[in-house]
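Numbering (our numbering), first residue to last: 1 to 458.
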């Protein structure tokens with residue numbers, strides 16, 4: 001529920017124009033699930049028509065394991081080289097001639113017309129008899145038969161390697177068995193389902209990304225398809241890595257372990273198919289680690305700093321997950337599972353780092369553009385608050401000059417008053433009774449003596 005809530009928050013962030021209600025998110029989730037189910041159903045029907053070919057593909061690792069196990073037990077340098085195919089054919093021929101007497105057996109070998117196969121069939125019969133005898137009685141039995149030298153050397157080499165002379169050692173594993181009437185039909189449905197997941201994985205990934213990241217722009221849609229291609233390539237790489245490398249090693253380990261414990265490998269077809277399909281799909285999904293981690297980064301559940309700081313814990317967790325996914329105690333198989341996941345996790349750390357760096361740069365660029373737009377708008381708009389003159393406060397906040405009452409109570413003051421003039425008398429210069437210009441110094445001196453300061457007229 002917490003993860004679903006984070007997904008809804010990411011969807012709301014993608015829809016920056018409006019906030020979607022919770023029910024609309026649930027409706028989108030229903031549409032996504034419907035598309036996934038319909039896609040899986042169609043791909044499952046297509047894969048069901050190729051069930052025989054799919055079965056052959058899944059049985060191929062078992063055949064490789066069987067061939068590898070038989071080759072490891074065949075003589076290294078026998079007098080006559082023997083292959084897995086010739087050894088299996090010789091065992092089948094020896095089983096067919098087991099109920100015949102010597103004359104009938106010779107007649108059958110003569111009719112077969114294959115001396116090489118006849119030689120190996122006789123060596124199979126003798127090896128079965130020697131394995132029943134105790135070790136101290138085998139040499140006496142071989143000497144009593146008076147065999148040709150070449151056959152004696154062949155038996156010595158076979159006793160050293162001891163390949164299985166029983167026909168069912170491979171036939172039971174090759175054919176396998178179904179213990180229920182409906183097991184093979186349900187097995188075909190299961191095969192079709194897993195094959196349908198692999199076939200329709202790009203569409204399933206696209207539906208998931210469309211639900212998690214809606215409202216993508218045109219440039220983001222162009223990036224979505226390469227991301228889906230990378231995700232599908234990682235999934236196929238994981239499936240191929242498991243099918244061609246890890247699965248044969250796991251089957252070989254189990255096969256050798258059973259033989260070492262004295263248990264025959266008569267595996268059931270249903271159990272083997274379930275193991276093989278689960279094994280390969282888990283490897284494929286594990287290779288999707290970069291896609292999952294980047295989605296968590298987008299959801300805000302993981303950051304570059306957290307991933308880098310907890311790298312050591314992540315490595316331990318990867319080994320634990322690999323031990324759970326690969327139910328083999330083989331150390332090499334565990335390493336083959338854990339090592340690619342560790343490498344992919346390191347790639348995820350670098351991807352998260354570059355994503356964080358890109359987001360920081362985009363935020364800084366957006367901040368710079370916002371500041372540039374603010375400065376440009378301020379330069380283009382006229383001044384909202386013009387510079388006022390010194391006496392504007394008086395002109396705006398006082399009554400006009402025609403208001404007599406205001407002037408009586410609050411007289412106006414001139415900011416540059418003139419210097420007050422002394423009182424003028426009739427005998428002072430400038431009056432109608434002024435003396436001639438030559439008498440001005442005398443009048444000035446008289447004025448100085450009266451008030452003690454000169455006038456501005458001088």
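All residues carry an ideal CB built from backbone N, CA and C; glycine is no exception.
For residue 45, I'd like the list of residues in its chain whose CB is within less than 6 angstroms of its CB, leaving aside the five on either flank, ordered along the chain. none
Starting from the Cα of residue 323, find the closest Cα among 250, 78 and 85 and give me that residue. 250
Grouping DSSP H, G and I as helix and E and B as strand, with all else coil, what is residue 107? helix
Classify residue 162 as helix, strand or coil using the three-state DSSP reduction. coil
Report yes if the CB atom of residue 255 is closer than 8 angstroms to the CB atom of residue 280, and no otherwise. no
For chain B, is any of its Cβ atoms less than 8 angstroms away from the one on residue 189? No chain B is present in this structure, which holds just one protein chain.
For residue 146, does the three-state DSSP call read helix, strand or coil? coil
Please confirm whether residue 120 and residue 67 have their CB atoms less than 8 angstroms apart. no
Buried or exposed by the 16-neighbour rule on C-beta atoms within 10 Å, applied to residue 150: exposed
Considering just the uninterrupted stretch of the alpha helix (DSSP H) at residue 79, what are its terminal residues? Element bounds for residue 79: n/a, residue is neither H nor E.
Using 8 angstroms as the threshold, is the C-beta distance between residue 273 and residue 93 below it? no
Around the Cβ of residue 378, are there at least 16 other Cβ atoms within 10 angstroms (buried) or fewer (exposed)? exposed
Could you tell me the alpha carbon to alpha carbon distance between residue 423 and residue 380, rounded to whole angstroms? At residue 423, the pLDDT of 49 sits below 50, so the modelled position is not reliable; the number obtained from the coordinates is stated separately. If you take the alpha carbons of residue 423 and residue 380, they lie about 59 angstroms apart.
Quick check: what's the CA-CA separation for residue 259 versus residue 266? 11 angstroms
By the 10 Å Cβ neighbour count, where 16 or more other Cβ atoms means buried, how is residue 235 classified, buried or exposed? buried
Round the Cβ separation of residue 227 and residue 287 to the nearest angstrom and send it over; I've been treating them as touching at under 8 angstroms. Between residue 287 and residue 227 the Cβ distance is about 15 angstroms, and since that is not below 8 angstroms, they are no contact.
Minimum C-alpha distance to residue 349 - residue among 166, 289 and 331: 289
Same chain, Cβ closer than 8 angstroms to residue 319, five either side skipped, listed in chain order: 334 and 338
Below 6 angstroms CB to CB, which residues in the same chain sit around residue 239 once its five sequence neighbours on both sides are set aside? 280 and 284
Grouping DSSP H, G and I as helix and E and B as strand, with all else coil, what is residue 266? coil
Please state the DSSP three-state secondary structure of residue 287. coil
Starting from the C-beta of residue 344, find all residues in its chain whose C-beta is less than 6 angstroms away, skip the five residues before and the five after it, and write them out in chain order. 289 and 290
Candidates 61, 47 and 209: which alpha carbon is nearest residue 241's? 61
For the pair the segment 32 to 47 and the segment 193 to 202, tell me if three or more CB-CB distances fall below 8 angstroms. yes
Minimum C-alpha distance to residue 252 - residue among 292, 35, 72 and 233: 72
Could you compute how far the alpha carbon of residue 185 sits from the alpha carbon of residue 200? 22 angstroms
Short of 6 angstroms in beta carbon distance, which residues of its chain neighbour residue 264, apart from the five on each side in sequence? Order them along the chain. none
Can you tell me the Cα-Cα spacing of residue 341 and residue 163, whole angstroms? 39 angstroms
Residue 86 vs residue 131 beta-carbon contact at 8 angstroms: no
In chain order, what residues of the same chain lie with their CB nearer than 8 angstroms to the CB of residue 177, ignoring the 5 residues before and after it? 266, 268 and 269
Shortest alpha-carbon distance to residue 63 belongs to which of 183, 248 and 138? 248
Output the distance between the C-alpha atoms of residue 275 and residue 300, rounded to the nearest integer angstrom. 36 angstroms
For residue 147 and residue 141, the rounded distance between their alpha carbons: 10 angstroms
Three Cβ pairs or more, each shorter than 8 angstroms: is that satisfied between the segment 200 to 210 and the segment 25 to 36? yes
For a test of the three-state rule: what should DSSP assign to residue 180, helix, strand or coil? coil
Sequence-distant residues of the same chain with beta carbon closer than 7 angstroms to residue 154, five excluded per side: 78, 79, 80 and 123
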